[in-house]
Each structure stands twice: as C-alpha cells, then as structure tokens.
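Student: Take this structure first; my questions come after.
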Amino acid sequence: MNEMLKPLKQSDFDAEGLVLVAQSENYWIYDDNRMDKARIEVVTNKGKSNEKHCLFECPRPKRKLEWKLIEYIIRACTRQTNLIPFILDNKSMMKLAEYLYRHGSKSLSSMYTYALTVRQFSDYAKMSADELIAACLNSEGIPDQKKVHEASLLVDEFLGELEDEGRATYSLLVKSACIKTFYRVNGIQITTPIRYKARTTYRDRAPTPEEIQRMIEMANLREKAMIAMLATGGFRIGTLCKLKYRHVKEDLEAGRVPLHIHVEAELNKGKVCDYDTFINDEAVRYLKLYLEQRREGTDKIPPEPITDESPLFRTKEKEVKPLPPRVAKVALRNVLKRAGLFKKNGKRSEIRVHSLRKFFRTQMTALGVPTEYVEYMMGHKLSTYHDVRMKGVEFLRGKYAEANIRIFPKP
273 MNEMLKPLKQ SDFDAEGLVL VAQSENYWIY DDNRMDKARI EVVTNKGKSN
323 EKHCLFECPR PKRKLEWKLI EYIIRACTRQ TNLIPFILDN KSMMKLAEYL
373 YRHGSKSLSS MYTYALTVRQ FSDYAKMSAD ELIAACLNSE GIPDQKKVHE
423 ASLLVDEFLG ELEDEGRATY SLLVKSACIK TFYRVNGIQI TTPIRYKART
473 TYRDRAPTPE EIQRMIEMAN LREKAMIAML ATGGFRIGTL CKLKYRHVKE
523 DLEAGRVPLH IHVEAELNKG KVCDYDTFIN DEAVRYLKLY LEQRREGTDK
573 IPPEPITDES PLFRTKEKEV KPLPPRVAKV ALRNVLKRAG LFKKNGKRSE
623 IRVHSLRKFF RTQMTALGVP TEYVEYMMGH KLSTYHDVRM KGVEFLRGKY
673 AEANIRIFPK P
C-alpha cells in the first residue's frame, strides 16, 4: 500500500468513478473497482492551520467484513495515521484487527493500543510485522520451536528495555499481553521468561467532597455537569460520553430525582452487561443548566434543538458532535489543575478523572449501600448481578435515595 502525506483539500481528491463505502467528518473510504483498490482519505487537525489530508490505498477487499475492518482501523488510528499503513500493509496485523473486531469488544482504544505496541516492537526488532511472524516459521510455513524460542527471547529483551526506561509494571503487562496476542492469532505461542504481574505502581485515591467542590467552582457549565454525574452516578468517562438525551429524558422532564439512567451493554466497558444507575439533585441541576445553555446558544455555538438522539455532552464546535472521551479527559484534567488538585504521586496525579468513580464507590459504601448494589450501579457483572437486577429500578432508586450521596452540604 502506498502512503502519501501532503496538504490538500477534499475538493482536490479525485473521487470520480469511485464508490463511497463509508465516511465520517474526518475520513472517507472509497471502492475503486476499476483499479481493484480501496482508497482512503483521512483528515487530521480539521479546521486548524495545520490541517493535513492523508491518502492511502490498499488491495480491494474481497469480503464485506474486510471493508468493516478498514473502517475500524481508520477510526482507531486517526490520531496517529502512520499506524494505518502499518496495519493495512501487513497480513499479520490484519489478522489481529479481525480478531479484535470479531472476538473482542470492537474497542477503538484496544485496536490503537495493540497497533502501537506491535509497531514499537517491530521498530525495535527492525522487522515488519509479517517478518516477525515469518521469522518463527520453517520453510513449510510451520512454527519452528527453536525460532519461536528466539522470538520469545526477543520479546523479553524488548520488555526489559522498557522496564529499564522506568515503565510501570502494569504498562509492561499490557504490552506483553498485546505482543503475545499478536503472535497467538498468527498461530505462534510466545512465552517470556519473566511474567509481569499486575500491581499498582501509581495509586490514585477518591477525592473528598471538598475537593470535588473546588473542581466544580473552577469548571464551566459542561464540566460541572460532567463532574457531578461522574461523582454521583459512578460512570466511566467513556460511558458518560456515549449517553444521549433519551437516557435522561423521562425522569428529567418528569422532575424525578434521583434521576434514573439505564446504560445499555453497548455503552459499558467490554459490553459485558447493561445496568442501571442514578444521579442526584446536584447533577440534575447542572445538567439542566447545561442543556438550557445549548438550547439558547452562546456567542460561539448557535441554539441547538435537543432531540432524543442528541449527545448528552457535545464538543464546542458549531456542528453538533458527541464529546470524545479523550477530549473530555483533557478538559477535566485542566479543571483539576485549575483547582490545584493535579499533584503528582510518582509519575501520575493522585487524583485523576477516574478518581471521581472511586468517590462514588467509597461514598455509597460508607453511606450503607450494600456492595453488590454499588457494583451493579457501576456496571460490574458479579455473581449477584441477576439477583440485583431483578430487584427493579424503583427498589434501587430507593436505596440510592436513602444513601443521599452529596457533593455540597444540603442547605
């Protein structure tokens, strides 16, 4: 596949005679049947002075699934476009992508992490991904145990270099797992002499109510609503950013508090289960103010008609787009800094965006809510999942209301 990186405008891309297969605001995938190719355009930093259009081409897919895989790869790697040809150029990486798409959760962040890790290992070994696999095979294409052992030692050497750079144990564990999976889906079982065990190197903690108050004081209206929902609803940031107005509409318009939110399995991490959670009156108040601001518009954003499918949290661009989790994290990290709470504990801050979820767990447990109910409201599928779910929404609403979780003291 050829990669061409040069500034150009969308109108300069000759799409005549091509069939548009998939698109978004920052990528276009075309079927060039005449040349038997798939042609791809990706735009980065759209609308900015350093906007760049990246053009790629690869052999035309023979299966419908392969078109889906191309889109999956593009969506996962728009932030680092040099990973796109690395995946599309190597059959072994395409096998990995298909495995993550068909047998995993179709997570974009997983595809990105795997691609980045294998690319780093590939660069270290000075071999392409396909060459890494070929180096383990004999002349008949069957794994050669001696060569597989040599590859295992190379993987361990790579991890040792990262360890020497001061990488956290959990980071090494993730990279080791990514590389082993890459080899495994290509028919090779890698074993490393050193097994990295997950242990917390940089521990974060749950913030106090007073610290969350400081965050809210330093936040804009959108951030206030996000902080309050994360703290009193126990959401993951990725799940929060996927919510739509329909998730809160019924209780919000009926004035019911605690406000019930049903989270479908597709929005939960790993898509393991659906669940129910709630937010308190503080979060509801900030959410109402934020939605009202959107309806009225600002000097930068025109008035927005809120529909059932409107993203609950949107970007600050004129066009309505869901707020990406990565952008949300940056915004909330900046709030932590403005509040003076971004204090390093080793390499990481002791209070992070995820710490708001810890606040929910510790507060709800301290307020007497049984652990199995708290874990259910956080989207964890434990052995008690079905028992708790069968209790019903109103039972759980009552337990949540009894706990009376709060950020600010009740006036």
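Taking our numbering, the leading residue of the sequence shown gets 273, the next gets one more, and so forth. Don't be surprised by glycine CBs; every beta carbon is placed ideally from N, CA and C.
#1: Measuring CA to CA, which of R633, A675 and L654 is closest to G640?
#2: Name, in chain order, the residues that DSSP records as bridge partners for S627.
#3: Do you know offhand how far R456's Cα is from S394's?
#4: Exposed or buried, which one is K541 when buried takes at least 16 other CB atoms within 10 Å?
#5: Span of the alpha helix (DSSP H) holding V556?
#6: Provide the residue span of the alpha helix (DSSP H) that contains V535, from first to last.
#7: So, at 8 Å on beta carbons, what are the nonlocal neighbours of E666 in its own chain, with the 5 sequence-adjacent residues on each side left out?
#8: Smallest Cα separation from S379: which of Y547, I623, L341 and A611?
#9: Which residues does DSSP list as the beta-bridge partners of W300?
#10: Using only alpha-carbon positions, find the residue among I460, Y396, Y371 and L444 that is nearest to N410.
#11: Compute the Euclidean distance between the alpha carbons of F614 and Y384, then round it to the nearest angstrom.
#12: Cβ of H532 within 8 Å of Cβ of R374?
#13: At 4 residues or longer, what runs of the alpha helix (DSSP H) sit wholly inside the stretch 343 to 388?
#14: For D548, name the three-state secondary structure that DSSP assigns.
#15: Quick check: C408 and V420, are their CB atoms within less than 8 Å of each other?
#16: Would you kindly report the start and end of the unbroken alpha helix (DSSP H) that includes H652?
#17: How is the alpha helix (DSSP H) around N606 delimited, first residue to last?
#18: Please return the same chain residues whose Cβ sits closer than 6 Å to the Cβ of R566, not counting the five positions on each side in sequence.
#19: Got a sec? Which residues, its chain only, sit under 6 Å from L372 by beta carbon, not counting five neighbours each side?
#20: With DSSP collapsed to three states, give me the class of L502.
#21: I need the boundaries of the alpha helix (DSSP H) containing F454, first residue and last residue.
#22: By how many angstroms is the C-alpha of P331 removed from the C-alpha of K363?
Tutor: On the basis of the data shown:
#1: As a position in the sequence shown, residue 640 is number 368, starting the count at 1. The shortest Cα separation from G640 among R633, A675 and L654 belongs to A675.
#2: For the purposes of this step, residue 627 is taken as the residue at position 355 of the sequence shown. Bridge partners of S627: none, in fact.
#3: On the sequence shown, position 184 is the one that residue 456 refers to. On the sequence shown, position 122 is the one that residue 394 refers to. If you take the alpha carbons of R456 and S394, they lie about 16 Å apart.
#4: The residue you call residue 541 lines up with position 269 of the sequence shown. Exposed.
#5: Taking the first residue of the sequence shown as 1, we reach residue 556 at position 284. D553 to E568 is the span of the alpha helix (DSSP H), which, as asked, contains V556.
#6: By one-based count along the sequence shown, residue 535 stands at place 263. Where V535 is concerned, there is no enclosing alpha helix (DSSP H), although the beta strand (DSSP E) it sits in stretches over L531 to V535.
#7: Here the question's residue 666 lines up with position 394 in the sequence shown. No residues qualify anywhere along the chain.
#8: Reading the sequence shown from its first residue, position 107 is the one you call residue 379. Per the Cα distances, L341.
#9: Stepping through the sequence shown from its first residue, residue 300 is reached at position 28. DSSP output for W300 lists Q295 and E313 as bridge partner(s).
#10: If you number the sequence shown from 1, residue 410 lands on position 138. If we check each option's Cα against that of N410, I460 comes out closest.
#11: Within the sequence shown, numbered from 1, the residue matching residue 614 stands at position 342. Within the sequence shown, numbered from 1, the residue matching residue 384 stands at position 112. Distance between the alpha carbons of F614 and Y384 is about 27 Å.
#12: Position 260 of the sequence shown, counted from the first residue, corresponds to residue 532. Position 102 of the sequence shown, counted from the first residue, corresponds to residue 374. Their beta carbons are not under 8 Å apart, which means H532 does not touch R374 by this criterion.
#13: 355 to 360 and 363 to 375
#14: Here residue 548 refers to the residue found at position 276 of the sequence shown. It is a strand residue.
#15: Taking the sequence shown and counting its residues from 1, one reaches residue 408 at position 136. Taking the sequence shown and counting its residues from 1, one reaches residue 420 at position 148. Result yes, Cβ atoms of C408 and V420 sit closer than 8 Å.
#16: As a first step, residue 652 is located in the sequence shown; it is residue number 380 there, counting from the start. First-last for H652: undefined, no H or E at that position.
#17: Position 334 of the sequence shown holds residue 606. Residues P597 to R610.
#18: Here residue 566 refers to the residue found at position 294 of the sequence shown. These residues qualify, in order along the chain: E576.
#19: Walking along the sequence shown from the start, residue 372 turns up at place 100. For L372, where only same-chain residues beyond five positions count, the Cβ hits under 6 Å are S382 and M383.
#20: The sequence position of residue 502 within the sequence shown is 230, counting from 1. Correct three-state label for L502: helix.
#21: Numbered from 1 along the sequence shown, position 182 holds the residue referred to as residue 454. F454 -> alpha helix (DSSP H) spans T441 to V457.
#22: To locate residue 363, count along the sequence shown from 1; it is residue 91. To locate residue 331, count along the sequence shown from 1; it is residue 59. The straight-line gap from Cα to Cα measures roughly 12 Å.
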